[in-house]
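Report on one structure; see the data block that follows.
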Amino acid sequence: MADAGRVKHHIMNNISDSKNTILMVGYCEPRSLGGRLMKGDKEVKIFSEFFKVEAEIGIMRSMSAHGDYDDLCQFLACQDPALVKTLFLVHGEYDVQQDFAEKLLKKKFTQVEIPQLHENFKLE
Numbered sequence: 037m038a039d040a041g042r043v044k045h046h047i048m049n050n051i052s053d054s055k056n057t058i059l060m061v062g063y064c065e066p067r068s069l070g071g072r073l074m075k076g077d078k079e080v081k082i083f084s085e086f087f088k089v090e091a092e093i094g095i096m097r098s099m100s101a102h103g104d105y106d107d108l109c110q111f112l113a114c115q116d117p118a119l120v121k122t123l124f125l126v127h128g129e130y131d132v133q134q135d136f137a138e139k140l141l142k143k144k145f146t147q148v149e150i151p152q153l154h155e156n157f158k159l160e
């Protein structure tokens with residue numbers, strides 16, 4: 037989603053040059069830097085500095101590095117819910133996370149958490 041890591045530096049260093057193309061691959065949360073670029077914002081804030089978007093923004097929605105609902109369900113089907121203490125849903129939109137949490141509870145996983153930003157949990 038381009039909000040952290042090296043990609044943020046790459047975008048910052050290339051966004052103001054009209055000879056460049058920044059290719060966004062897969063889904064980006066709409067409020068993230070990647071999401072704002074995908075929706076066509078003409079100016080973005082990166083590291084407290086505003087940058088005019090001069091680079092072409094390409095979008096390739098058909099690829100993703102993340103497992104989808106079916107992939108996650110397939111993985112969890114191999115787990116014994118009685119042995120899983122807590123599941124943390126930390127990726128995706130909140131409404132989808134809530135939906136998924138309800139489905140997991142119905143599958144007998146007893147503790148499903150959707151952490152808030154900077155929320156801490158003690159793991160035992």
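First residue of the sequence shown: 37, per this note's numbering; consecutive thereafter. Where a beta carbon is used, it is the ideal one built from N, C-alpha and C, also for glycine. Note that the structure is a prediction, hence the values are computed from the model and not measured.
Below 7 Å between beta carbons: does that hold for I95 and M60?
-> yes
Between the CA atoms of K144 and D77 - distance to the nearest angstrom = 43 Å
From E79 to V89, what distance separates their C-alpha atoms?
-> 5 Å
Does DSSP put E92 in a helix, a strand or coil?
-> strand
Sort K142, V126, E138 and K75 by Cα distance to E155 and report the nearest one.
-> V126
Going by Cα to Cα distance, which pick from M37, K158, E160 and L159 is closest to R97?
-> M37
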